[in-house]
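**Student:** Chains as they are written, first to last, in my numbering: chain U, 5 to 117; chain S, 96 to 209. Ideal Cβ placement from N, Cα and C applies to all residues, glycine included. It should be emphasised that the depicted structure is a prediction, and the values quoted were computed from it without experimental measurement. What follows is a single structure, and I will ask about it in a moment.
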Amino acid sequence: AQSVTQLGSHVSVSEGALVLLRCNYSSSVPPYLFWYVQYPNQGLQLLLKYTSAATLVKGINGFEAEFKKSETSFHLTKPSAHMSDAAEYFCAVSEGGSEKLVFGKGMKLTVNP
Amino acid sequence: GAVVSQHPSRVICKSGTSVKIECRSLDFQATTMFWYRQFPKQSLMLMATSNEGSKATYEQGVEKDKFLINHASLTLSTLTVTSAHPEDSSFYICSARGDSLEAFFGQGTRLTVV
Numbered sequence: 005a006q007s008v009t010q011l012g013s014h015v016s017v018s019e020g021a022l023v024l025l026r027c028n029y030s031s032s033v034p035p036y037l038f039w040y041v042q043y044p045n046q047g048l049q050l051l052l053k054y055t056s057a058a059t060l061v062k063g064i065n066g067f068e069a070e071f072k073k074s075e076t077s078f079h080l081t082k083p084s085a086h087m088s089d090a091a092e093y094f095c096a097v098s099e100g101g102s103e104k105l106v107f108g109k110g111m112k113l114t115v116n117p
Numbered sequence: 096g097a098v099v100s101q102h103p104s105r106v107i108c109k110s111g112t113s114v115k116i117e118c119r120s121l122d123f124q125a126t127t128m129f130w131y132r133q134f135p136k137q138s139l140m141l142m143a144t145s146n147e148g149s150k151a152t153y154e155q156g157v158e159k160d161k162f163l164i165n166h167a168s169l170t171l172s173t174l175t176v177t178s179a180h181p182e183d184s185s186f187y188i189c190s191a192r193g194d195s196l197e198a199f200f201g202q203g204t205r206l207t208v209v
């Protein structure tokens, strides 16, 4: 069975600073990996996804993530944080595009002025 | 991206009553819909998967008789919380998936049972 680990629950950065949100996965077959963002009292919006093509994936709002099989990681980064990036971020995995998404516990990102 | 509309966004109901939440795919045909429950400061937990015209597949530990799911058409799925109790208070989110690999999420429904 697949699983996702997002260590910690909260990250705080200054506006303009690098954003790094970590995600490690476990999967018995080649995984599909996703990052979603959730604003308060709203559903999830897809930021980016990895589906076995290029290992460096670019998403919306300046975010990108790199799939590293040797490290079983799919960390999310953004070079310069903006106040509007403050939200909850979830990493998710599915096995080879299967229907079920397994989510990590989420990471709350706070951006300080 | 495609749009999934979930209604209502907030609902307060009395203990013992039933509540229906709707999930509609507005511009694509959703062959599969998923219902999640999210507790405060926690991740999304998949409750059930439903395919159009078929019975829903529930995850282990989810009461089928309490959380009734209907997926009668390619654009609509409903979740009915029957005989709701305060412990059912939560944020419920649906997602819909069509021919592509991507699942699109609704805005969520905040259910409060008093």
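1. I want to see whether chain U comes within less than 8 Å of F200 (chain S), judged by CB atoms only; does it?
2. Just how far apart, CA to CA, sit T9 (chain U) and F38 (chain U)?
3. Can you check DSSP and say which residues form a bridge with V114 (chain S)?
4. Spatial neighbours of F71 (chain U) within its chain, please: C-beta separation below 6 Å, excluding the five flanking residues on both sides.
5. May I ask you to list, following chain order, the residues of the region 10-25 of chain U that have a beta carbon less than 8 Å from some beta carbon of chain S?
6. Name the DSSP beta bridge partners of F107 (chain U), please?
7. Looking at K112 (chain U): is its Cβ nearer than 8 Å to the Cβ of S13 (chain U)?
8. Going by C-alpha distance, which of U:Q49, U:S18, U:K73 and U:E75 is nearest N65 (chain U)?
9. Just mark F43 (chain U) as buried or exposed, buried being the case when its beta carbon has 16 or more other beta carbons within 10 Å.
10. Here's a check: name, in chain order, each residue in its chain whose Cβ is nearer than 7 Å to the Cβ of D183 (chain S), leaving out the five neighbours to either side.
11. Taking G193 (chain S) as the query, report the chain U residues whose CB atoms sit under 8 Å from its CB, ordered along the chain.
12. So which residues of chain S does Q46 (chain U) contact, with C-beta pairs closer than 8 Å?
13. At the level of alpha carbons, what is the spacing between E68 (chain U) and S84 (chain U)?
14. Please classify R119 (chain S): is it buried, with 16 or more other beta-carbons within 10 angstroms of its beta-carbon, or exposed?
15. Three-state secondary structure (DSSP) at N45 (chain U)?
16. With respect to 7 Å, is the separation between the Cβ of K109 (chain S) and the closest non-hydrogen atom of the ligand FAD below this value?
**Tutor:** The structure says:
1. Counting from 1 along the second sequence, the entry for residue 200 (chain S) is found at position 105. Yes - at least one Cβ of chain U is within 8 Å of the one on F200 (chain S).
2. Working through the first sequence from its first residue, we reach residue 9 (chain U) at position 5. Working through the first sequence from its first residue, we reach residue 38 (chain U) at position 34. If you draw a straight line from the Cα of T9 (chain U) to the Cα of F38 (chain U), it comes to about 13 Å.
3. Reading the second sequence from its first residue, position 19 is the one you call residue 114 (chain S). S:V176.
4. Within the first sequence, numbered from 1, the residue matching residue 71 (chain U) stands at position 67. Once the five neighbours on either side are set aside, the close Cβ partners of F71 (chain U) are Y54, T59 and F78.
5. Listed by position along the chain: S13.
6. Position 103 of the first sequence holds residue 107 (chain U). Paired residues: U:A96.
7. If you number the first sequence from 1, residue 112 (chain U) lands on position 108. If you number the first sequence from 1, residue 13 (chain U) lands on position 9. Between K112 (chain U) and S13 (chain U), the CB-CB gap stays under 8 Å.
8. Translated into the one-based positions of the first sequence, residue 65 (chain U) becomes position 61. Measuring from the Cα of N65 (chain U), the nearest candidate turns out to be U:Q49.
9. Counting from 1 along the first sequence, the entry for residue 43 (chain U) is found at position 39. Here residue 43 (chain U) turns out to be Tyr, not Phe, going by the sequence shown. Y43 (chain U) is exposed by the Cβ-count criterion.
10. Counting from one through the second sequence, the residue named residue 183 (chain S) turns up at place 88. Shown here for D183 (chain S): same chain residues with a beta carbon closer than 7 Å to its own, the five before and five after excluded, namely V176, L206 and V208 in chain order.
11. Numbered from 1 along the second sequence, position 98 holds the residue referred to as residue 193 (chain S). Against chain U, the beta carbon of G193 (chain S) has no neighbour under 8 Å; the closest one sits roughly 12 Å away.
12. Working through the first sequence from its first residue, we reach residue 46 (chain U) at position 42. Ordered by position in chain S, the residues that pass the 8 Å Cβ test against Q46 (chain U) are Q202 and G203.
13. Taking the first residue of the first sequence as position 1, residue 68 (chain U) is located at position 64. Taking the first residue of the first sequence as position 1, residue 84 (chain U) is located at position 80. Taking the straight line joining both Cα atoms gives about 12 Å.
14. Here residue 119 (chain S) refers to the residue found at position 24 of the second sequence. Buried, by the Cβ-count rule.
15. Taking the first residue of the first sequence as 1, we reach residue 45 (chain U) at position 41. Secondary structure of N45 (chain U) (DSSP, three-state): coil.
16. This structure lacks the ligand FAD; in fact it carries no ligand of any kind.
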